[in-house]
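Undergrad: Each residue of the sequence shown is one higher than the one before, counting from 1 in UniProt numbering.
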Amino acid sequence: MSDDPFDTAVLRSSTLDAWAASPTRLAEDAAAESDLVTVGYRDRLLTELAANAADAASAAGIAGRLAVWVDGAELHVANTGAPLTDAGVRSLAALRVSAKTSGDPGDRQIGRFGVGFTATATVADRVEIRSRSGSVVFDRSATLEAARAAGITLGAASDVPVLRLVWPTDREPAPGFDTEVVLHLREDPGPLLEAMLAQAPDLVVELTALQRITVGEVEVSAERSAGPDVDDDAAQSVLTTVSVVGPASTDLPSTRRWLEVARGGTRWLVDADGEPGPAGDVLRAPTPTDIELSLPCRCITDLALTPDRRHLHPRAEIGDAAAGYVDLIRLVEPSRRVRLVPELHLARNPDDARLIEAVRRELRDATWLPAAAGADLMPPRAVMLVGLTDRLAEILGELFGDLVHPDLSLTQHLPALGRLGVSELGLAELAERLIGVDREPSWWHDLYDALAPLVSTGREVEELGALPIPRSDGRTAIGVRGLFVSDRISTPMRWIPTVHPEARHELLTRLGVADLTVAEAVGDPALRSLVEDVDFEAADDGLADEVCAVLAADPEAPVPSWLSALALLDADGELRPADELLLPGSPLLEVLVDDHPFGVVDAEVVAECGAEHLRRIGVGWGFVVVDDDLPVAPDHDLPDEEDWWETLADAPEKLSAVRDLDLVDDRSWPAALSMLATDDRIRPLLADRAGYTAWWLRRHAEVDGLLLGEYRAPSDDVLEGVIDPLDHPHADELGGALARLEPDSADDTTLLLTRLGDRERAISPGAAVSIHAAVVAACRRGAVDPHDVEVPERVRTLSGRAHDRAVVVDRPWFLQALADDECVLAGPTVTIADADLLGTLLDLPLASEEYSTTVSAPGEAVGWAHPDVVRFGAVRGAEVPRGEARLHVELWITLRGNDIDREVRVDWWVDAAGVTHLERRRRRSRR
Numbered sequence: 001m002s003d004d005p006f007d008t009a010v011l012r013s014s015t016l017d018a019w020a021a022s023p024t025r026l027a028e029d030a031a032a033e034s035d036l037v038t039v040g041y042r043d044r045l046l047t048e049l050a051a052n053a054a055d056a057a058s059a060a061g062i063a064g065r066l067a068v069w070v071d072g073a074e075l076h077v078a079n080t081g082a083p084l085t086d087a088g089v090r091s092l093a094a095l096r097v098s099a100k101t102s103g104d105p106g107d108r109q110i111g112r113f114g115v116g117f118t119a120t121a122t123v124a125d126r127v128e129i130r131s132r133s134g135s136v137v138f139d140r141s142a143t144l145e146a147a148r149a150a151g152i153t154l155g156a157a158s159d160v161p162v163l164r165l166v167w168p169t170d171r172e173p174a175p176g177f178d179t180e181v182v183l184h185l186r187e188d189p190g191p192l193l194e195a196m197l198a199q200a201p202d203l204v205v206e207l208t209a210l211q212r213i214t215v216g217e218v219e220v221s222a223e224r225s226a227g228p229d230v231d232d233d234a235a236q237s238v239l240t241t242v243s244v245v246g247p248a249s250t251d252l253p254s255t256r257r258w259l260e261v262a263r264g265g266t267r268w269l270v271d272a273d274g275e276p277g278p279a280g281d282v283l284r285a286p287t288p289t290d291i292e293l294s295l296p297c298r299c300i301t302d303l304a305l306t307p308d309r310r311h312l313h314p315r316a317e318i319g320d321a322a323a324g325y326v327d328l329i330r331l332v333e334p335s336r337r338v339r340l341v342p343e344l345h346l347a348r349n350p351d352d353a354r355l356i357e358a359v360r361r362e363l364r365d366a367t368w369l370p371a372a373a374g375a376d377l378m379p380p381r382a383v384m385l386v387g388l389t390d391r392l393a394e395i396l397g398e399l400f401g402d403l404v405h406p407d408l409s410l411t412q413h414l415p416a417l418g419r420l421g422v423s424e425l426g427l428a429e430l431a432e433r434l435i436g437v438d439r440e441p442s443w444w445h446d447l448y449d450a451l452a453p454l455v456s457t458g459r460e461v462e463e464l465g466a467l468p469i470p471r472s473d474g475r476t477a478i479g480v481r482g483l484f485v486s487d488r489i490s491t492p493m494r495w496i497p498t499v500h501p502e503a504r505h506e507l508l509t510r511l512g513v514a515d516l517t518v519a520e521a522v523g524d525p526a527l528r529s530l531v532e533d534v535d536f537e538a539a540d541d542g543l544a545d546e547v548c549a550v551l552a553a554d555p556e557a558p559v560p561s562w563l564s565a566l567a568l569l570d571a572d573g574e575l576r577p578a579d580e581l582l583l584p585g586s587p588l589l590e591v592l593v594d595d596h597p598f599g600v601v602d603a604e605v606v607a608e609c610g611a612e613h614l615r616r617i618g619v620g621w622g623f624v625v626v627d628d629d630l631p632v633a634p635d636h637d638l639p640d641e642e643d644w645w646e647t648l649a650d651a652p653e654k655l656s657a658v659r660d661l662d663l664v665d666d667r668s669w670p671a672a673l674s675m676l677a678t679d680d681r682i683r684p685l686l687a688d689r690a691g692y693t694a695w696w697l698r699r700h701a702e703v704d705g706l707l708l709g710e711y712r713a714p715s716d717d718v719l720e721g722v723i724d725p726l727d728h729p730h731a732d733e734l735g736g737a738l739a740r741l742e743p744d745s746a747d748d749t750t751l752l753l754t755r756l757g758d759r760e761r762a763i764s765p766g767a768a769v770s771i772h773a774a775v776v777a778a779c780r781r782g783a784v785d786p787h788d789v790e791v792p793e794r795v796r797t798l799s800g801r802a803h804d805r806a807v808v809v810d811r812p813w814f815l816q817a818l819a820d821d822e823c824v825l826a827g828p829t830v831t832i833a834d835a836d837l838l839g840t841l842l843d844l845p846l847a848s849e850e851y852s853t854t855v856s857a858p859g860e861a862v863g864w865a866h867p868d869v870v871r872f873g874a875v876r877g878a879e880v881p882r883g884e885a886r887l888h889v890e891l892w893i894t895l896r897g898n899d900i901d902r903e904v905r906v907d908w909w910v911d912a913a914g915v916t917h918l919e920r921r922r923r924r925s926r927r
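1. Would you kindly work out how many angstroms separate the C-alpha atoms of A784 and E742, rounded to a whole number?
2. On the three-pair Cβ rule with 8 Å, is the stretch 341-360 touching the stretch 421-429?
3. Buried or exposed: where does V245 fall if 16 or more other Cβ atoms within 10 Å of its Cβ makes it buried?
4. Output needed for W444: all residues of its chain with C-beta closer than 6 Å, excluding positions within five of it in sequence on either side, in chain order.
5. Whole angstroms is fine: what's the gap from D545's alpha carbon to V619's?
6. Around the Cβ of residue 964, are there at least 16 other Cβ atoms within 10 angstroms (buried) or fewer (exposed)?
7. Using the rule of at least 16 other Cβ atoms within 10 Å of the residue's Cβ for burial, across every protein chain shown, is I723 buried or exposed?
8. Leaving out five residues before and five after G421 in sequence, what residues of the same chain have Cβ atoms less than 7 Å from its Cβ?
9. If I measure Cβ to Cβ from A538 and keep anything under 8 Å in the same chain, skipping five residues before and after, which residues do I get?
10. Using the C-alpha atoms, what's the distance from E890 back to P867?
11. Does residue 936 pass the burial test, meaning 16 or more other C-beta atoms within 10 Å, or should it be called exposed?
12. Could you tell me if T289 is buried or exposed, where buried requires 16 or more neighbouring beta carbons within 10 angstroms of its beta carbon?
13. Enumerate in chain order the residues of its own chain whose CB-to-CB distance from I62 is below 7 Å, with the five nearest sequence positions on each side excluded.
14. Which stretch, first to last residue, makes up the alpha helix (DSSP H) that contains H700?
15. For a test of the three-state rule: what should DSSP assign to R876, helix, strand or coil?
16. Please check the pair I435 and P468, which I expect to be a contact at CB under 8 Å, by giving their CB distance rounded to whole angstroms.
17. Put R108 into one of helix, strand or coil per three-state DSSP.
18. L293 and L283 look like a contact to me (Cβ under 8 Å); what is the Cβ gap, rounded to whole Å?
19. Determine the DSSP secondary structure at I318, reduced to helix, strand or coil.
20. Give every residue of the same chain whose Cβ lies closer than 6 Å to the Cβ of L67, excluding the five residues on either side of it in the sequence, and list them in chain order.
21. From this set, V632, D178, V624, L239, which residue's C-alpha is nearest M675's C-alpha?
22. Output the residue ranges of the beta strand (DSSP E) runs that lie fully inside the stretch 167-211 and measure 3 residues or longer, sorted by chain position.
23. Please classify E710 as buried or exposed, where buried requires at least 16 other C-beta atoms within 10 Å of its C-beta.
24. With L84 and S133 assumed to form a contact (beta carbons below 8 Å), what rounded beta-carbon distance in angstroms separates them?
25. Taking Cβ positions, are P845 and V769 nearer each other than 7 Å?
26. Could you give the distance in angstroms between the alpha-carbon of H636 and the alpha-carbon of D629?
27. On a Cα-Cα basis, can you pick out the residue from A222, A147, T266, L614 that is closest to A54?
28. From the DSSP output, read off the bridge partner residues of A67.
29. Are the Cβ atoms of S243 and T255 separated by less than 7 Å?
30. Starting from R267, follow the beta strand (DSSP E) in both directions and report where the run begins and ends.
31. So does the stretch 797-813 actually touch the stretch 745-753, counting three or more Cβ pairs closer than 8 Å?
32. Between T120 and L45, how many whole angstroms is the CB-CB distance? I'm expecting something under 8 Å.
33. Thinking just about the alpha-carbon of each residue, which of R12, R257, W258 is nearest to the one in V136?
34. How many Å lie between G280 and M196 at the Cα?
35. Considering Cα atoms alone, identify which of E532, P555, G766 is closest to A519.
36. Please look up how many angstroms separate the CB atoms of D159 and A30, rounded, as I've assumed it's under 8 Å.
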């Protein structure tokens, strides 16, 4: 090999001649190099050397390697690839030009051995380039000596450039490398190595021809493989894995993967694993410039730069670099895409702003926005439902192809996507979109379940006012107004719009769907209208089936009385009101008259509806009870109801009465009474003496030829002998329908008085007095009008025998003068008023009217303070009266009247003048 393979002597000679010919040329070269060192290529040493290494590898068609190490004060930077050439040496010594050619459109050289090599002068005054094709050296000291030897006037050593005069050297590159740059450093290499190591991971990404950079003991490598498929053949994707091996700083990740898309002359990159990008980045062309970028993706482009490679060339249009951004964003997972949308308000400079605007135009007009289902969307044709969940997206995605993916449907993403043209889909608009959607009720339930998390305030509730809701009858309601739901009712009701059971969800309750009980359902006015407006001549419309299905949902629910008019099919196929029908096999059929008006329910209706529910409606099995919670008139179609109503002082607070009692065959009353007494609902009515049921039974039900009111309960001993006990197994439970001591009417009174006058009956005097007292009391309380009572032929006297002649004792002292057969008592205590009233009832005279009396002797007049008089008052239990009293040794009176004239000895008497006569107390001997 020649000692000077690159003819460096010629290069030096021409340069020295130029300096000698023009004193300013040297100064210009020195100034130019100084500018590049201090401004243009400051802190770009590894960047420029790596760019040269990449060009060399590209020229050689290999995966380039670059190694950096320190040997004493020398910094070694070696690479593989094409060796140093004549053109390269000339470029190195030319200062202002590079060896890059531009004739080949496919040439991707960055600018090998161009002005960028000036970066070596930032750290060294002696620079060696050792290559297997020959080696050269630049040296400031040697340049200074050569200039002086040429007779060129110089100042300080710094007045000469380092990289203008080149000399040959016989040093070879390190083994395994094709070219080696050796820098004789002016300063400690430590900080420089750290800076180089920090730059290495980015450089192996930016410089695709460079596969590996080793800095000291740390190896940084890039492994490139094919990335995901890109829709457009004009773009390609690459997955680059950067690995850092060795004792590197903890600031460097051991592995980082980059997803890259290249289109035209631009490469867009993003962290393949979703790690956030750097807080600040710069445009790379392909190595870093000074143009700061705020975009979340890294941009590496081939745009023209200024000579210092720090700024765009004036003819370069940065917007052209937007190509490929959409291709990249399509390759990342949906949740990341919105974070990769650049924002104009974050732009750091005009170039950044222009690039952002260009990217946003690309994003606005391309399909890249993930959809809830189906292909990607173009932002202006997409809508976002904030809070959309995966479940809701799954349901709505099949309906709405413009719905943004749930991973992007977050409140914080709405502004960014809105600026690209995405519209917000509110709940109100969603509800409108759902109108007309035909799906099964279970689908709607799933929709409500998925939609519920989005409804948390009254505002959302209001927005869903037009939400479609499937009804039980197969129709769809728009909004919740007028809709009901029920925990128990699962069948449709034509009279009430209810939510289909399979669609029911708690969300609907929050939206305002009212809860409905079975009682409310069967008591609804709309049902009443259907029941009352039925055409009994028409065919069965199935209303009864619906009602029975509702009743089956709650066996305890109360049923309104008007529901008994519900039309049902009878055994003859005719429609009849429920309360005109009996169940097949009803025991009531056995006790009714032959011409009763009832029909029998069709057997299929019984099988379909159920006997129990038909009974609740009003179909008869046993006797039926009519209920009215607020009766105001006798208008319940009960026999003799008006007569009963007249017995009441006021309208009853509630009416419960057994109907159709007038249809019982007289021969069947014993069986009918058993049915009544064993019916749990009717039994209490039999004890209510003032109620209609007991009232009617007393007056109309017959057993063995007697009205029920002419019998007493077997346990009622007071009326023993007067009223016969009812011979019936449930007689005591029928007490309200039987006779009792206290009469309720003139008929009851007549019965009691007539029975008292029956000579065939053995009645005790006490029973007679009790009955007389009860009759008088009934007249006094207004229950009985004495004028309506029939006068008995005979009366029961104090002797216990019945007589047709007697007097009512109205003065107690007459009891001493009259025989028991002559006396009738109005009560246990003799009062004039009671005696007078009983006398009217019995048409008997009073004792004081029928008889006159005289005291046989005047007696001894004494005051009321006399011991015998006081003792008399104490015995009688009365306060000692004021007035005159007379004592007799023996007190005799003469009784005249009623064909009687006799003397009677008595203990005391009150004469017509009101004088009290007493027989003197006789002294009794003591034993």
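Every residue gets a Cβ at the ideal spot worked out from N, C-alpha and C, and that includes glycine.
Keep in mind it's a predicted model, so treat the numbers as computed, not measured.
TA: In terms of the structure at hand:
1. For this step, residue 784 is matched to residue 784 along the sequence shown. For this step, residue 742 is matched to residue 742 along the sequence shown. The sequence as given places Val at residue 784; Ala does not occur at that position. If you take the alpha carbons of V784 and E742, they lie about 10 Å apart.
2. no
3. Along the sequence shown, read from residue 1 onward, the residue named residue 245 stands at position 245. Its Cβ having fewer than 16 others within 10 Å, V245 is exposed.
4. As a first step, residue 444 must be located in the sequence shown, where it is residue number 444. For W444, where only same-chain residues beyond five positions count, the Cβ hits under 6 Å are P470, A503.
5. In the sequence shown, the residue the question calls residue 545 occupies position 545. In the sequence shown, the residue the question calls residue 619 occupies position 619. Each residue's Cα considered, the two are about 14 Å apart.
6. The displayed coordinates of the chain run from 1 to 927. Any statement about residue 964 would go beyond what the structure contains.
7. To locate residue 723, count along the sequence shown from 1; it is residue 723. When all chains shown are included, I723 counts as buried.
8. Position 421 of the sequence shown, counting from 1, holds the residue named residue 421. Only R364, P379, P380 meet the Cβ criterion.
9. In the sequence shown, residue 538 corresponds to position 538, counting from 1. Excluding positions up to five away in sequence, the list reads L575.
10. Mapped onto the sequence shown, residue 867 falls at position 867. Mapped onto the sequence shown, residue 890 falls at position 890. Distance between the alpha carbons of P867 and E890 is about 17 Å.
11. With the chain running from 1 to 927 in the structure shown, residue 936 is simply not present.
12. The residue given as residue 289 occupies position 289 in the sequence shown. When all chains shown are included, T289 counts as buried.
13. Working through the sequence shown from its first residue, we reach residue 62 at position 62. Same-chain partners within the cutoff: T80, G81.
14. Here residue 700 corresponds to residue number 700 of the sequence shown, with the count starting at 1. Where H700 is concerned, the enclosing alpha helix (DSSP H) stretches over 692-700.
15. Position 876 of the sequence shown, counting from 1, holds the residue named residue 876. Correct three-state label for R876: helix.
16. Along the sequence shown, read from residue 1 onward, the residue named residue 435 stands at position 435. Along the sequence shown, read from residue 1 onward, the residue named residue 468 stands at position 468. Confirmed, about 6 Å.
17. Here residue 108 refers to the residue found at position 108 when the sequence shown is read from its first residue. Caution applies to R108, whose pLDDT of 47 falls short of 50 and renders its modelled position unreliable; the value that the coordinates give is listed next. R108: coil per DSSP, three-state reduction.
18. On the sequence shown, residue 293 is found 293 positions in, with the first residue counted as 1. On the sequence shown, residue 283 is found 283 positions in, with the first residue counted as 1. Indeed they touch by this definition, with Cβ atoms about 6 Å apart.
19. Start at 1 with the first residue of the sequence shown, and residue 318 comes out as number 318. If DSSP states are grouped into helix, strand and coil, I318 belongs with the helices.
20. The sequence position of residue 67 within the sequence shown is 67, counting from 1. For the record, residue 67 in the displayed sequence is Ala; it is not Leu. Contacts found: A78, T214.
21. Locating residue 675 in the sequence shown gives position 675, counting from the first residue. For the residues V632, D178, V624, L239, the minimum Cα distance to M675 belongs to V624.
22. 179-185
23. As a position in the sequence shown, residue 710 is number 710, starting the count at 1. E710 should be labelled buried.
24. Taking the first residue of the sequence shown as position 1, residue 84 is located at position 84. Taking the first residue of the sequence shown as position 1, residue 133 is located at position 133. Yes, they are in contact, since the Cβ atoms of L84 and S133 sit about 5 Å apart, within 8 Å.
25. Position 845 of the sequence shown, counted from the start, is the residue given in the question as residue 845. Position 769 of the sequence shown, counted from the start, is the residue given in the question as residue 769. For P845 and V769, no; Cβs fall outside 7 Å.
26. Residue numbering aside, residue 636 sits at position 636 when the sequence shown is read from its first letter. Residue numbering aside, residue 629 sits at position 629 when the sequence shown is read from its first letter. The straight-line gap from Cα to Cα measures roughly 12 Å.
27. To locate residue 54, count along the sequence shown from 1; it is residue 54. Here the closest residue by C-alpha is A222.
28. Translated into the one-based positions of the sequence shown, residue 67 becomes position 67. A67 is bridged to A78, T214.
29. For the purposes of this step, residue 243 is identified with residue 243 of the sequence shown, where counting begins at 1. For the purposes of this step, residue 255 is identified with residue 255 of the sequence shown, where counting begins at 1. The answer is yes: Cβ separation under 7 Å.
30. Locating residue 267 in the sequence shown gives position 267, counting from the first residue. Run containing R267: 266-271, per the beta strand (DSSP E) assignment.
31. no
32. The sequence position of residue 120 within the sequence shown is 120, counting from 1. The sequence position of residue 45 within the sequence shown is 45, counting from 1. At roughly 7 Å, the Cβ-Cβ gap stays under 8 Å, so T120 and L45 are in contact.
33. Within the sequence shown, numbered from 1, the residue matching residue 136 stands at position 136. It is R12 whose Cα lies nearest to the Cα of V136.
34. Residue numbering aside, residue 280 sits at position 280 when the sequence shown is read from its first letter. Residue numbering aside, residue 196 sits at position 196 when the sequence shown is read from its first letter. If you take the alpha carbons of G280 and M196, they lie about 19 Å apart.
35. For the purposes of this step, residue 519 is taken as the residue at position 519 of the sequence shown. Of the candidates E532, P555, G766, the one whose C-alpha sits nearest the C-alpha of A519 is P555.
36. Against the sequence shown, residue 159 aligns to sequence position 159. Against the sequence shown, residue 30 aligns to sequence position 30. Confirmed, about 5 Å.
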